[in-house]
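Here the structure comes first, spelled out in structure tokens, and everything after it is commentary.
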Amino acid sequence: VDHRLHPNSADWGAHCRVWCQEREIDFTLLTLTDDPPTGASVEAWAREARYAALAAQL
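Under our numbering, the residue at position 9 of the sequence shown is numbered -5, and the numbers go up by one with no gaps.
In structure tokens form, the structure reads like this:
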């Protein structure tokens, strides 16, 4: 899950995609499109958004 919290997060996603392709491992990158609400705990927001994104894939 790419939370887009780090400036190089897209690069990490691309790296993971290539790494998996080289090993013939299925790969799906989930990229969050929302930003954390102002004043909210970034960690809590990221965790909740990550869990929701993963649950939607099941």
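Beta carbons are placed, not taken as given, at the ideal position from N, Cα and C, and that holds for glycine. The structure displayed is predicted, hence computed values, not measured ones.
### Task
Answer yes or no: do Gly(-1) and Leu15 have a C-beta to C-beta separation smaller than 9 Å?
yes
### Query
Which term fits His(-11), buried or exposed, when burial requires 16 or more other beta carbons within 10 angstroms of its beta carbon?
buried
### Query
Looking at Ala32 and Pro22, is the spacing between their C-beta atoms short of 9 Å?
Note that the C-beta distance between Pro22 and Ala32 is below 9 Å.
### Query
In the DSSP assignment, what residue or residues form a beta bridge with Asp(-12)?
Thr17
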